[in-house]
Amino acid sequence: MKTSATDLDLAIQVDEAARVAHALKLRRDRRERNGRILKHVFLIGVSCVMLYPLFWLLASSFKPENEIFGSLTLWPSEFRFDNYTEGWNALPKSFTVFYVNSAIVTGLSVIGNLVSCSFAAYAFARLQFTGRSFFFALMMMTLMIPYHVVLIPQYVQFLRLGWVDTYLPLVVPRFLASDAFFIFLMVQFFRQLPRELDEAAMIDGCSPFKIYWAIILPLSLPAMGTAAIFSLIWVWEDFLAPLIYLNDIKSYTVPLALRLFLDQEGKSAYGQMFAMSVLSLVPVVIFFVLFQKMIVRGIATSGMK
Amino acid sequence: MTKLTRRSMLGAMGAAAAASAFSAIPAWAADRSIRHFWWGNPERDKRTFAVIDVFQKANPAIEVSGETIGWGDYWTKMATQTAGRNMADLVQMDYRFLFEYVRRGALLPLDEHIGKSLMIADFDQGPLEGGKVDGKLYALNIGSNSQVMVHNTRVFQEAGIDADLINWTWDDFAKACETITAKTNGAVKGSDDLSLMIETFESWVRQNGREFYDADGKVTATVDDVASYWQFWADLREKGAVRDADKTVILDPPIAESGIAVGDTAMSHYWSNQLVGIQAVAKDKIGAAMVPHKAGGKPGQFIKPSMFMSLSRDAKDTDAAMAYMNAWVNDPETTAILGLERGIPCSPKVRAALAPNLTEVEKMSVDYFEAIQSRVGPLPLPAPKGAGEVRDAFMRVGTDVVLGNAQAADAATAFIEEAQSIVERAQ
Amino acid sequence: MRRFFARNAPAYVFLLPWLIGFFLLALGPILASLYLSFTRYDMVNVPEWVGLDNYVYMFTRDRRFWKALDVTFTYVALAVPARLIMALGVAMLLDKGLRTIGLYRAIFYLPSLLGASIAIAILWRQLFAADGVVNQIMATFGIQGASWITNPNTSLYTLVILAMWQFGSPMLIFLAGLRGIPRDLYEAAEIDGTPRWRQFTRITLPLLAVIFFNLVLQTIDAFKTFSSAFIISNGTGAPADSLLFYTVYLFNEAFKFFRMGYASALAWVLLIIIAVFTAVAFFTSKYWVHYENERD
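Residue numbers (my numbering), protein chains in the order written: chain Z, 1 to 305; chain W, 1001 to 1427; chain A, 2001 to 2296.
Structure follows, in structure tokens:
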């Protein structure tokens, strides 16, 4: 008699427990879902605020010239595509030329940055050598000095080398790890990788070069991806160095060409400049979308082998 | 090592794409080359490159490379090239910077070429004077302009303003501002607030019988000149007849943000060669008025070169450069292409040749130019080193007055003191 | 001697590109700028030695120098934390595995792509004008706003907001930092440990390293802010020097007023200021930043 009562009680208890657990799970799921919805709402709201200025830029590129400053409405009174069609050829050389130039300079620069900066970062982060702190401090110092005061001495130096009016002053420094930002970025990432890997490899008889190539690099895809993206965007948008070193308009890069549109004193062409600015963003956005996955992809365990 | 050889070091891909962009004239046929550096905009650049083509066709032995960038970056690059002794042979110069470069020895005098390779004998002598420093001609006037009060003809008509826009006084001007503001119920103010425009202030000083700087480069404008000027605009501000202080304190705004372009005032102060650019962004038809005169005062306005062409000290092939410069101001085909884009040409022959083909706005600027001839004064003396900084100080101190943070009289004293110390330090 | 080579050779080989670049391209100009800071140099003529005159003038008679420092320090104090907080907050939100994370990431990074372009400057002036969109929005809440960008007291804040709007770069680095830690590797590398402790070391500590990196770089960057301030004020630091960032002041001294010697002195003073901040950050980092398995 007793056993059946306790069996029943047990069954009821289990049933209760299961129902309570189920109810709790439902509530937790709902909270999670609400949380997620809230998160989405918040993110969408922030996105709208973030994107408003870009919408304005886009809209302005379709407006006739005298509407850009007069009215604040986003929507143009009439959609005009001639800012784009005319803007492409408004300058003495067509934008095709400028895009090709930018592509050359940017492509070479990104490669140069990735290679030379990762070399230097590996040395700073993983290798012991005399003078390491000293050189590290020197490297950081190059980050801190305002460019405008080294501009002229550097110009004179390149002038003596005969490199002015070529792409050499723009590209060669990138192959010589001139941008300390990327060295520092990669140093920070490398330092977070466990040293046991290095040690294990060394015990196996790997040289530092092999460690660099086979272990550190593959594990640093997020850092490399980040460096590639920043490098590309900054070189693409750089105009001060091209301004100083390029004389021939045929060799101008896109940001430099954009500055031909504006003349404080005379007739400016804002609509066309906006249109071309929008277009100059396109390759950058594409590159960004392609490369951002590299940052996020989890580290494949194949790196350990 | 020619430029082309250096470029070909950069990879076939770039060269292949760029090859299509190279000009059709085989550059290695020329054994002389000169560089011309100017600031521009798409319109001016197109015309200038066309002129370069014309010149090269006529002079196949000379290769001209044109270098250009917008005004904002022009001077940075110019300074860098000057420091490196790598200036272009021919550089475009502006009145504001001319003296800085001449007094530091960056430009060569042109006097020895006049009559031989540079034919300017029949040019208007007055406008040419602007390029003279210490008696030598350092810069050739390639276009003259003068101050102009650009006004909105539609608003003026609707408000019933019938003042004589060439001979009017500051009182007439103030009255017009008030009328316009009243008639439009404040939607359109009479004029931009010119408190921070040192160019207008310079006219004010001359109307009082003084120059801003004297021959030794000292500041001779008085505290009273400054105070009365700032007070004039303060009074108009109080009546609400000029543009809001908010918009005024944005310094050196682009044309498109001026009152007349945006449409919230009926008058803005500019230079006559900017009329075409202004009409392009203004919704209504614009007209040209003179800077108001002081009743019983001296003439304040003057005709000045809007821009010059100069020979830099780094010029190697002076003969080729002078040939180019001469063609620039004399050759019929060249001057036809250039038109009035840089200002009114000095040569009467060129002006006559251009007359039949002018657009409406261009014709207005030429008519305006003729009309003011009898009411302008001589060019002011060349500014000393540091003039650019004085200009900045004027705008900075004036901002406090515009925002109501300082009285005109006190600010005026502060400004004159600062101006004098700036000029002293710069010598 | 041989041991010296054997021990240091690999490192120097890796460092070679940077060494060549530094000694050939960077060192000369840096030393030249130091030399120029003791001269009067108008770029047209040869520099003229004046000893410490530039520095003396800077610290005793130059009012605008102090104004520039004031503006720049205020900006750094406001913009760097604001930017980092936004970047970290959004990065942590996005890190939790939302499906549409890629889209959001791109959206939040887009403003940074525009950099300091003229288009943005024009837009910013319009947005924060007396009749601009910001005031229009505030009016719907009943708040009457004045012109933000032309009021010397508030113009700097519009630039801080611009910095906040462009938080994409530090955000990306935070994301990379959060994702880049090879967690399975740590599991393998650690012998044993309690779960809670491991979570802390796995997530929070590496994060501190990324925070440190971002903090240092954003601070250096903020001190050197140039383009946005220059373009928005049309190169003048207006209104009333409220946007006279240090580098804007430096640029004008050099290229507008032909005082490259003085500008070089200004640059070196800035460099020392930044170096002090950076050094302090590095020294204190020993106490709060841990690199996993670091043994120096």
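Think of the CB as a built atom: it goes at the ideal place given N, C-alpha and C, for glycine as much as any other residue.
Remember, it's a predicted structure, so these values are computed and weren't measured experimentally.
- CA-CA distance, Ser2264 (chain A) to Arg1243 (chain W), rounds to 40 Å.
- Interface residue (Cβ-Cβ distance to chain A less than 8 Å): Gln157 (chain Z) is classified as such.
- Proximity of chain W to Met2043 (chain A) at the Cβ level (cut-off 7 Å) is accounted for by Ala1079, Thr1082, Ala1083, in chain order.
- Among the residues of chain W, none has a CB under 9 Å from the CB of Pro146 (chain Z); the nearest is roughly 14 Å distant.
- Contacts with chain Z at 8 Å (Cβ-Cβ) include Pro2029 (chain A).
- By the criterion of a C-beta distance shorter than 8 Å, Val2050 (chain A) is surrounded in its chain by Phe2038, Thr2039, Arg2040, Gly2261, once the five residues flanking it on both sides are discounted.
- DSSP places Leu1165 (chain W) outside both helix and strand once states are collapsed to three, so it counts as coil.
- Thr2219 (chain A) sits away from Tyr2075 (chain A), with the two beta carbons spaced by 8 Å or more.
- Listed in chain order, the positions of the stretch 1303-1320 of chain W with a beta carbon within less than 7 Å of a beta carbon of chain Z would be empty, since no residue qualifies.
- Counted as a single uninterrupted DSSP element, the beta strand (DSSP E) harbouring Ser1033 (chain W) occupies residues 1032-1039.
- The beta carbons of Ser1195 (chain W) and Gly1404 (chain W) sit no closer together than 8 Å.
- Taking C-beta atoms as the reference points, Ser1312 (chain W) and Ala1079 (chain W) fail to come closer than 8 Å.
- The beta carbons of Ile1180 (chain W) and Ile1161 (chain W) sit closer together than 8 Å.
- Listed as beta-bridge partners of Pro1305 (chain W) by DSSP are W:Ser1144.
- When the five nearest sequence neighbours on each side are left out, the beta carbons in the same chain lying within less than 7 Å of the beta carbon of Ala2130 (chain A) are those of Ala2146, Ser2147, in order along the chain.
- Among the CB atoms of chain W, one or more fall inside 8 Å of the CB of Asn2234 (chain A).
- Within the stretch 1092-1104 of chain W, the residues whose Cβ lies closer than 8 Å to any Cβ of chain A are, in chain order, Glu1100, Tyr1101, Arg1104.
- For Glu78 (chain Z), there are no neighbours in chain A by C-beta distance under 7 Å, as the nearest C-beta there is about 20 Å away.
- Per DSSP, Gly1259 (chain W) is one residue of the alpha helix (DSSP H) stretching across 1259-1262.
- Among the CB atoms of chain A, one or more fall inside 8 Å of the CB of Ile1250 (chain W).
- Below the 9 Å Cβ cutoff, chain Z contributes no neighbours of Pro2047 (chain A), its closest Cβ being approximately 11 Å away.
- Under a criterion of Cβ atoms nearer than 8 Å, no residue of chain W is adjacent to Lys2286 (chain A); the nearest Cβ is some 42 Å distant.
- For Asp1124 (chain W), the CB contacts under 6 Å within the same chain, skipping 5 residues up- and downstream, are Cys1346 in chain order.
- Counting C-beta pairs closer than 8 Å gives three or more between the stretch 166-181 of chain Z and the stretch 241-250 of chain Z, which meets the contact rule.
- For Ser280 (chain Z), the closest C-alpha among the options Z:Phe291, Z:Ala269, Z:Leu256, Z:Phe135 is that of Z:Leu256.
- For Thr1334 (chain W), the CB contacts under 8 Å within the same chain, skipping 5 residues up- and downstream, are Val1051, Val1054, Phe1055, Ala1327, Trp1328 in chain order.
- Within chain W, the C-beta atoms nearer than 8 Å to that of Ala90 (chain Z) come from Pro1042, in chain order.
- Rounded to the nearest angstrom, the gap between the Cα atoms of Val1376 (chain W) and Thr1048 (chain W) is 31 Å.
- For Pro1378 (chain W), the closest of W:Trp1071, W:Pro1127, W:Gln1081, W:Pro1060 by C-alpha to C-alpha distance is W:Pro1127.
- The alpha helix (DSSP H) runs of length 4 or more contained entirely in the stretch 115-157 of chain Z are, from start to end of the chain, 132-144.
- Rounded to the nearest whole angstrom, the C-alpha separation of Lys1239 (chain W) and Thr2140 (chain A) is 30 Å.
- According to the DSSP assignment, Tyr1213 (chain W) belongs to no beta strand (DSSP E), since it is labelled neither H nor E.
- Tyr252 (chain Z) is outside the set of residues whose beta carbon lies under 8 Å from a beta carbon in chain A.
- From the listed residues W:Pro1348, W:Gly1386, W:Leu1354, W:Asp1031, the smallest Cα separation to Gln1427 (chain W) is found for W:Gly1386.
- DSSP assignment within the stretch 1070-1104 of chain W yields the following whole alpha helix (DSSP H) runs of 4 residues or more, N-terminal first: 1071-1083, 1095-1103.
- For Gln1420 (chain W), the closest C-alpha among the options W:Asp1216, W:Gly1300, W:Leu1354, W:Gly1287 is that of W:Asp1216.
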